[in-house]
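Residue numbers 1138 to 1921, in the working numbering, belong to the letters of the sequence shown in order. No residue lacks a Cβ here, since even glycine has one placed at the ideal position from N, Cα and C. First up is the structure itself, then whatever we jot down about it.
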Amino acid sequence: MKNVCKFVLATTALAWTMPVLAQEVEGQDNASSVGFEDIVVTAQRREEGLQSVPVAVTALSADTLDTLRVTNVRNLASIAPNLQVTAQGQQTIPLISIRGITSGSSTNSVDPKAGMYLNGVYVGRSVGAIFDLADIERVEVLRGPQGTLFGRNATAGAISIVTAPPTGEFGVKQLVSYGNDNAFRARTVLNLPELGALSLKIAYLHDEIDGDVKNLIGGKTIDLSLRAPEFGTLRFADTLGAKNTDALQVAARLKAADNVTIDYNYDYTDSRTSGRAVQLFGTMGTTKALHDAVLGFQPITGGTTNLSHDRLDAVANGTSVDHLTVQGHNLTVTWDQSDAVSVKSITAFRKFKQRPVMHDLAATGGLRFSAAQWGALLGGQVGAIAGLPVGEDDTFYSLLTGRSASQKQFTQELQFVVTQEAFDLVAGAFYFHEKAPAVDVLGVFQPVTDGVVIPNAGLDMAFGSGTTRTVAINDSLAFYGQGTLHLSDTLDFAAGLRFTTDDRQTNLISVSGAQGGNLKPGTYKSSYQRLNYAAILTWKPNDALTAYGRVSTAYAAGGIMNAIPFGPESVTSYEVGVKSQWLNNRLRANAAFFYSDYKDIQVTNFIDGVQSLLNAGKAEIPGFEMELDALPTEWLSVGASVGYADFKYKEYVIGGVDIADISKPVYLSKWTTRLYGQVTLPEMDGGASPFARIDAKWRSDSRLVNPLPADPVLADIAITKAYWLVDGRVGVSSIPLGNIKVDVSAFGQNLFNKKYYSFGAPAIGLTGIYDRDRSYGIELTAAF
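Structure, rendered in structure tokens:
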């Protein structure tokens, strides 16, 4: 810890003193025009330079996103300090952690802790939030509570994705790439010539890759119709980790008047993915003896246990293809009433539909064990089990999970932006409405007879198996405002308030024992009101330095998860930061130090197959973030970032017992680090320019479960050890071919083929999900 403190102090001192050097060289001739461009961001709902806004935000331009092969939200992992993104086995549900606060529940009544925005529109559900968009202009990652300006409260932070508007000039940009595992990606962006006051752009994306793990039961089926008729019969995927996505974007811009702009954006994504391969690390919990007994008979019955601590090349997973469609309409009208006043209306409708899907989270889809054998085991007739018949399609799940969900949402936001010499003001109103039905099929120690799940009243009651049907209907209304007083030429003070009313309704149609609490089927309503605030003091002694201190709050509404009522959570964050640039903007250093007081934490637990959500207690999260970027020469750029978030439970009460002293958050690394370097050689004849880039990301240890298992072997495996991931790219850009400019490159991700698991769960047994091994390929981009 002493070394950490030394590093923090040294970097802070550097960030504060180097602007002095910048002033010393200011005005001197500089033979080079090299320098970082200041990306324009909307972190405070108005356009501001990245280095001037008093918010901890990382912004990535379109060129940077392409260079890093950021194809969806999942690829943002570790690009910003204290940002961690993990796919939860299913590739359609991201698990996002910002500054130690984690978001990613697939349940339709639990709000995301990290707000996701697409062109200023709030995306209400985590399912489908791993966007595959064809033409992204920039991505902004805002760290810390967003409780005053953005559409919905978010206790962790926000990720804002902005797509490129039409240019009004004819242009085509085509990208094609091919890699191992038959990875094929094609992206076409077509800008049409301006027609009067109308500009139009169309973009299309196709992205596919084969699964990297063979499914030993691929092609087999399971009939869930007796549990949920709409599920019917599902077919298991042949390979695991596969993806096939098509995405379309349409953007239109109409200059209705000199001071009125109307933007329309439409996006549509159709994805078919198979979940990552799940393997069993070991049994645990109060059902360990039963689980071990079933596993012990597999050499006799001919089943597959998927039991291994090392990565398996083939598994038997009861996982089907996840078919998801997402689409949205966004109409934004901007009226610049004067140079000082601007009014913006954002009207949006979004929806998604997730067809019935199974994901074998417990990794037991390959077990062969008949209902008769299970009955004998429960009756203590162990000696008779081997002699009982087991059919080819008589299988057994320690935990069977199936789900279908959909959502429709409408949002309306009205913003007012006032810019004066003495003050600035952002104010507005926001309304959100959604309806989200979901069906969850759950089987705990579930026998499957001849490929059919047959309900058994006695066993269902004993183990909690059954079907949960819910409909969440949520409304949120908020009024907000943030004003900034320019106290002097160098000092600003901003204060913001937001009043929010959240009205929530949950229709419980049916509840399985392992997915619910004490609430009976019926309609349940709740309402929450909250006043959140932010206060920011900003000092800008010169163009090279921005220093700030801020206090901000946010909350996430409560509700009902299945049949479990839970209350809201809240966070208060204290932060100081500095953003600096010098040497004609060839060197940047940004740092932020924060302390978060996190209360009434909404925690999802999975114990012995029973899922629950409760407000577990309190935590404190001290930490810091630093980002350094440099252009030492015209041909070399280097950079580094580091994030530290030390999440410490002060209270964690389960079943009346406070286990804070042995508890730590799951899927969260205390440290994140990123290093990069890029060499761009001088232009050759015609303008072509060779380049090479290397990116390295490091995460410290993280837990799969909390608390750790009592078994020391499992306890060790339940911790993902620290690891590096190294990516690289080499190529030539701007090759002239007539009127066409061509870029060609070779890329590699996870170059050193690190085998690591970033997700797992205590799903009856402890399971783990390994990420994809090394990937590589070639990419070609042409523009004219």
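**Asked** When DSSP labels each residue in this structure, what does E1161 get in the three-state scheme?
**Response** Reliability fails at E1161, whose pLDDT of 35 lies under 50, so the model's placement of it is uncertain and the value that follows must be treated cautiously. E1161: helix per DSSP, three-state reduction.
**Classification of Y1534 by the beta-carbon crowding that lies within 10 angstroms, buried from 16 upward** = Answer is buried; the Cβ neighbour count reaches 16.
**Rounded C-alpha distance that separates A1922 from T1709** = This structure cannot settle anything about residue 1922, because the visible part of the chain is limited to 1138 through 1921.
**Request:** Check each candidate in L1197, D1200, T1244 and G1186 and name the one with the smallest Cα separation from V1740.
**Result:** If we check each option's Cα against that of V1740, T1244 comes out closest.
**When L1332, Q1546 and S1774 are compared against I1610, the one with the closest alpha-carbon** = Answer by Cα proximity: Q1546.
**Beta-carbon proximity check, F1560 vs G1620, cutoff 8 Å** = Yes, they are a contact pair.
**Request:** Can you say whether L1504 is buried or exposed, counting buried as having 16 or more other CB atoms within 10 angstroms of its CB?
**Result:** Per the 10 Å Cβ criterion, buried.
**Request:** Can you check the segment 1242-1325 for any beta strand (DSSP E) of at least 3 residues that lies completely inside it and give the ranges in chain order?
**Result:** Counting whole runs of 3 or more residues, the segment 1242-1325 contains the beta strand (DSSP E) stretches 1251-1255, 1258-1260, 1273-1280, 1294-1300 and 1308-1316.
**Prompt:** From which residue to which residue does the alpha helix (DSSP H) around V1554 run?
**Reply:** Membership of V1554 in any alpha helix (DSSP H) is not indicated; the residue belongs instead to the beta strand (DSSP E) covering T1532 to T1556.
**Prompt:** Do the segment 1878-1888 and the segment 1850-1858 touch if we need at least three Cβ pairs shorter than 8 Å?
**Reply:** In the pairwise beta carbon analysis, the segment 1878-1888 is classified as not touching the segment 1850-1858: fewer than three pairs are separated by under 8 Å.
**Prompt:** What are the start and end residues of each continuous beta strand (DSSP E) run of 3 or more residues lying completely inside the segment 1383-1463, in chain order?
**Reply:** If only complete runs of 3 or more residues are kept, the segment 1383-1463 shows the beta strand (DSSP E) at 1397-1411 and 1415-1420, in order along the chain.
**Prompt:** I think N1752 touches V1803, with their Cβ atoms under 8 Å apart; what is that distance to the nearest whole Å?
**Reply:** The Cβ separation is near 17 Å, so there is no contact.
**Item:** Nearest residue (CA-CA) to G1356, options I1901, T1398 and T1370
**Value:** Minimum Cα distance to G1356 is reached at T1370.
**Request:** Keeping to the same chain, check which residues put their C-beta closer than 8 Å to that of S1800; ignore five residues upstream and five downstream.
**Result:** Only Y1786, Y1789, N1843 and P1844 meet the Cβ criterion.
**Selection from I1697, Y1692, L1765 and S1774 that minimises the alpha carbon distance to K1736** = Nearest C-alpha to K1736 among I1697, Y1692, L1765 and S1774: Y1692.
**Message:** Which of the three DSSP states is assigned to K1716 in this structure?
**Reply:** Looking at K1716 - three-state DSSP - the assignment turns out to be strand.
**For V1178: DSSP bridge partner residues** = According to DSSP, V1178 bridges with E1185.
**Prompt:** What separation, rounded to the nearest whole angstrom, lies between the Cα atoms of L1337 and I1399?
**Reply:** Near 12 Å, if we compare the C-alpha coordinates of I1399 and L1337.
**Start-to-end residues for the alpha helix (DSSP H) that takes in A1508** = Per DSSP, A1508 belongs to the alpha helix (DSSP H) from A1508 to L1515.
**Prompt:** Which ranges would you report for the alpha helix (DSSP H) in the segment 1195-1221 if only whole runs of at least 4 residues count?
**Reply:** 1199-1204, all fully within the segment 1195-1221.
**Request:** In angstroms with no decimal places, state the Cα-to-Cα distance between Y1315 and L1551.
**Result:** Y1315 and L1551: Cα-Cα distance of roughly 44 Å.
**Message:** For L1361, count the other beta carbons within 10 Å of its own beta carbon; 16 or more makes it buried, fewer makes it exposed. Which is it?
**Reply:** In the assembly as shown, L1361 is a buried residue. Its beta-carbon has 16 or more other beta-carbons within 10 Å.
**Request:** Please determine, among G1824, D1838, G1792 and R1182, the residue with the shortest C-alpha to C-alpha distance to S1482.
**Result:** Ranking the options by Cα distance to S1482, first place goes to R1182.
**Prompt:** Shortest alpha-carbon distance to R1588 belongs to which of A1513, D1629 and G1502?
**Reply:** Note on residue identity: the sequence assigns Gly, not Arg, to residue 1588. It is G1502 whose Cα lies nearest to the Cα of G1588.
**Request:** Using DSSP bridges, identify the partner residues of F1896.
**Result:** Checking the DSSP bridge columns, you'll see F1896 partnered with I1906.
**Prompt:** Between the C-alpha atoms of R1667 and T1637, what's the straight-line distance to the nearest angstrom?
**Reply:** In this structure, the CA atom of R1667 is about 5 Å from the CA atom of T1637.
**Message:** Helix, strand or coil for D1612? Go by DSSP, reduced to three states.
**Reply:** Three-state result, D1612: strand.
**Prompt:** Are the beta-carbon atoms of G1528 and M1598 separated by less than 8 Å?
**Reply:** The criterion of a C-beta distance shorter than 8 Å is not satisfied by G1528 and M1598.
**Request:** Could you please give the first and the last residue of the uninterrupted alpha helix (DSSP H) stretch that includes I1522?
**Result:** Here I1522 belongs to no alpha helix (DSSP H), and DSSP marks it neither H nor E.
**Request:** Determine the closest residue to Y1894 out of E1274, F1418, N1219 and D1795, with distance taken between C-alpha atoms.
**Result:** Of E1274, F1418, N1219 and D1795, the smallest CA-CA separation from Y1894 is found for F1418.
**Item:** Boundaries of the beta strand (DSSP E) in which F1600 is found, first to last residue
**Value:** For F1600, no beta strand (DSSP E) segment is defined; the enclosing uninterrupted segment is the alpha helix (DSSP H) at A1594 to F1600.
**Prompt:** Is the Cβ-Cβ distance between G1760 and D1795 less than 8 Å?
**Reply:** Going by C-beta atoms, G1760 is not nearer than 8 Å to D1795.
**Request:** Would you please verify whether the beta carbon of D1429 is less than 8 Å from any beta carbon of chain B?
**Result:** The displayed structure is made up of one protein chain only, and chain B is not part of it.
**Message:** Please report the straight-line C-alpha distance between S1870 and G1814, rounded to a whole angstrom.
**Reply:** Their Cα atoms are separated by approximately 17 Å.
**Prompt:** Over what stretch of residues does the alpha helix (DSSP H) that includes P1849 continue unbroken?
**Reply:** For P1849, the enclosing alpha helix (DSSP H) begins and ends at P1849 to I1854.
**Asked** Is the beta carbon of V1326 sitting closer than 8 Å to the one on K1310?
**Response** Their beta carbons are under 8 Å apart, which means V1326 touches K1310 by this criterion.
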